[in-house]
Amino acid sequence: QKVNHGSSSGLLVRTQRSLAPPTSLLGSLGVMAPLQRAMIHFLTGSKNEPNAVREALGERGTLQAGLRLDGPEVEFIVGVCEPEVGQYVDGRTEVTVADAVLRVFSKIHVCTYKDTFMYNYDRMLFDYIEPYFNSSQRCEFKVGFDFSHGGKRFSVVGVDPKDSMGVVGKDTVVFFEDHIERTVLESLHLLPYETGLPEKYRPTRLSLDEEGILRDYVRPYFEQRSSGLRKTDIVEIQGVKFKIMAMKPDPGDQVGGGVAKDTVLSCKGMALKESFAPASRAKGKAKAKAAAAQGSSGGGGGGGPTGGAQEE
């Protein structure tokens with residue numbers, strides 16, 4: 075991957091831009107059901123008094139995980155909701171505040187992957203980067219974090235404070251005018267290890283439910299990850315390890331290749347085993363030598379492994 079540096083400029087993320095829920099959700103669900111429960115995560119730098127929090131929740135109304143809400147002296151991100159999307163009702167929705175307060179970056183540098191770049195940098199900021207940070211932040215992240223929004227792909231290449239973890243808040247300055255070049259893969263073949271993989275994805279010992287694994291593990295993972303992969307790399311997805319078996323084109327060990335919208339993903343084959351056979355054989359040989367040494371000493375009390383080794 076190569077980062078091309080332009081004349082980066084900073085811009086405060088506008089907190090009221092693109093905060094409406096996706097129209098597809100509104101259209102399919104119609105009138106929102108009331109939320110039963112919602113977790114919220116306070117951000118550093120705001121007092122977050124209970125009345126101000128309730129006011130922000132009430133003004134927003136429809137909640138789902140990832141939304142960042144703010145107001146005078148209040149800023150927080152909505153976490154897990156039950157149901158996943160619903161209407162906040164004061165007095166009926168049970169709101170729980172997470173113990174940990176999320177740290178907020180003062181500055182962040184986000185680069186677009188060049189193969190998904192469109193029109194100009196301002197368009198990428200207003201239509202994709204800002205909406206993501208206002209609607210889809212789920213946890214603290216650091217440099218190297220990949221994300222996508224609306225089919226466009228991005229990576230965080232710098233944060234302030236340096237080497238820290240955090241989230242983007244209302245006062246975070248976003249630098250956005252650079253892009254990243256990468257090799258886009260035409261196809262990628264990977265296989266899961268059997269450890270941790272639920273049995274329902276293994277119809278037989280010698281086969282895999284490829285479509286189920288792609289649907290539940292691989293496609294969601296690569297919707298967000300864009301950085302380079304190398305053949306034989308191992309990636310962990312929802313607690314299951316996957317090994318990269320083949321890719322086209324193969325850009326080599328130094329560069330790696332990234333998944334894009336049209337990359338053909340496959341998981342045909344059988345689950346892999348994590349073998350520790352070499353270590354087991356070595357241990358077995360050691361035991362055999364010890365037994366032989368003990369036998370040659372005539373079985374006396376002093377003829378243990380140490381005595382046998384000295385005789386040799």
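The working numbering applies: residue 75 is where the sequence shown begins, and numbers increase by one. All residues carry an ideal CB built from backbone N, CA and C; glycine is no exception. Keep in mind the model is a prediction, meaning the values are calculated, not measured.
- The Cβ atoms of M113 and G135 lie no closer than 9 angstroms to each other.
- Judged by beta-carbon spacing, Q161 lies within the 9 angstroms limit of L137, meaning their Cβ atoms are closer than that value.
- Contact annotation, G240 with E204: C-beta distance approximately 17 angstroms; criterion of less than 8 angstroms not satisfied.
- For Q161, the uninterrupted beta strand (DSSP E) run begins and ends at V159 to Q161, by DSSP.
- The three-state secondary structure of V333, taken from DSSP, is coil.
- Counting other Cβ atoms within 10 Å of its Cβ, I151 reaches 16 or more and is therefore classed as buried.
- Nearest to V169 by C-alpha distance, out of P108, R197, G145 and S209, is P108.
- When secondary structure is reduced to three states using DSSP, P277 falls in the coil class, being assigned neither helix nor strand.
- Per DSSP, A112 is one residue of the beta strand (DSSP E) stretching across R111 to F116.
- About 6 angstroms separates the beta carbon of D324 from that of K305, a gap short enough to meet the 8 angstroms contact definition.
- In this model, V159 and Q328 are separated by some 43 angstroms (Cα to Cα).
- For R289, the three-state secondary structure derived from DSSP is helix.
- Judged by their CB atoms, A345 and P277 are not nearer to each other than the 9 angstroms cut-off.
- For the stretch 306–330, the full-length beta strand (DSSP E) segments reaching 3 residues or more read 308–311 and 314–322 along the chain.
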